[in-house]
């Protein structure tokens, strides 16, 4: 949206009848998240920021965290550092954070505020109404948290009180929102990825850069090391596979020590590679033979689409949008949480992975376009 500000510069010819020159200022879009750390939701926000029109400023507000810590932990944010704001919210409800957010929105004068998940919707919704922001959009990336009655009550109250444009990032998420929240009808805007960035590459070179072994079958998983991501099941399945099958884990989290101890107990420490936070994710995927995401709950995970865009077939648990985003010609869906069954699917995937790389990439490029996602949100921002 454009706002016009008169600039009383002299007319080039010095005419007494000169009219003021009108300068157009584009109002920004503001994205609000709970915290800025590498994850699916946060990566989607970064992707939207990168894909925004050159003339459209975007600010990212994180309710939690310190800016310096955030930038050090996620170097990909550095190009946008000037437009990143961290409010350092303490635990629990914080009136001070609400007022700080309201003042910041009044200062930025955004055309739209876009919130992600419950906490940002509550803080961002109230602050947006106090700051008289014209457009409020809220995207739900999953709905499993609504099984908690308290969380469901808060979500329903916030959606009714602030009346945002409600978006779901996948059809299953939209269906769950309808089932759990009643009359609310969300718009579905699927997550998208940059297929130019996530593309097939030389596996040997990728493994060398990542410090991964060359003469093995390599399965990868990119996820926070937290219980909801299902790493314990994956490690049990790896034990059942031949010695030549290794596992590379990209991500950090509170369970790292526990997972490393599990590897020792299972006797697979030499076959499991903990890479920590990986900045060059295309390189990570390019070095894999197969990708696995055995989560207990998901919405529409970007990592599954990114891996397939790099030509890597996927094995994923039957949660969230799995049946929408996993290529049926090359991938497998895990319907039961059984390590032996997961091991069977991984073995099947490894047998056929290289012959199906092209069809895997073609599937995701047709389904998940970053430009289409960005255009859909731009239309909402300009309402």
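In this note's numbering, the protein residues as written are 1 to 383.
Yeah, the Cβ is synthetic: ideal placement off N, Cα and C, and Gly gets one too.
- Remark: C-beta atoms of residue 42 and residue 66 do not approach each other more closely than 7 Å.
- Taking the C-beta atoms as reference points, residue 114 is found nearer than 7 Å to residue 137.
- Closest option to residue 51, judged by alpha-carbon separation, among 90, 150, 179, 193: 193.
- In this structure residue 294 is not in contact with residue 214, their Cβ atoms being roughly 26 Å apart against a cut-off of 8 Å.
- The region 309 to 319 makes contact with the region 341 to 351; the number of CB pairs closer than 8 Å reaches 3 or more.
- Residue pairing of residue 250 in beta bridges, as defined by DSSP: 222, 276.
- The region 180 to 190 makes no contact with the region 219 to 229; the number of CB pairs closer than 8 Å stays below 3.
- For residue 131, no alpha helix (DSSP H) run applies, since DSSP gives it neither H nor E.
- When secondary structure is reduced to three states using DSSP, residue 258 falls in the helix class.
- Apart from the 5 residues on each side of it in sequence, residue 275 sits with its Cβ closer than 7 Å to the Cβ of 210, 248, 249, 250 in its chain, given in chain order.
- Restricting attention to 118, 364, 266, 225, the CA atom closest to the CA of residue 32 is found in 118.
- For the pair residue 379 and residue 191, the Cα-to-Cα distance works out to about 15 Å.
- CA-to-CA, the gap between residue 285 and residue 202 works out to about 10 Å.
- Unbroken alpha helix (DSSP H) stretches of 4 residues or longer found wholly inside the region 60 to 121: 67 to 73, 95 to 108, given in chain order.
- Residue 245 sits in a strand when the DSSP states are folded into three classes.
- The shortest CA-to-CA distance from residue 362 to any of 327, 132, 374 is the one to 327.
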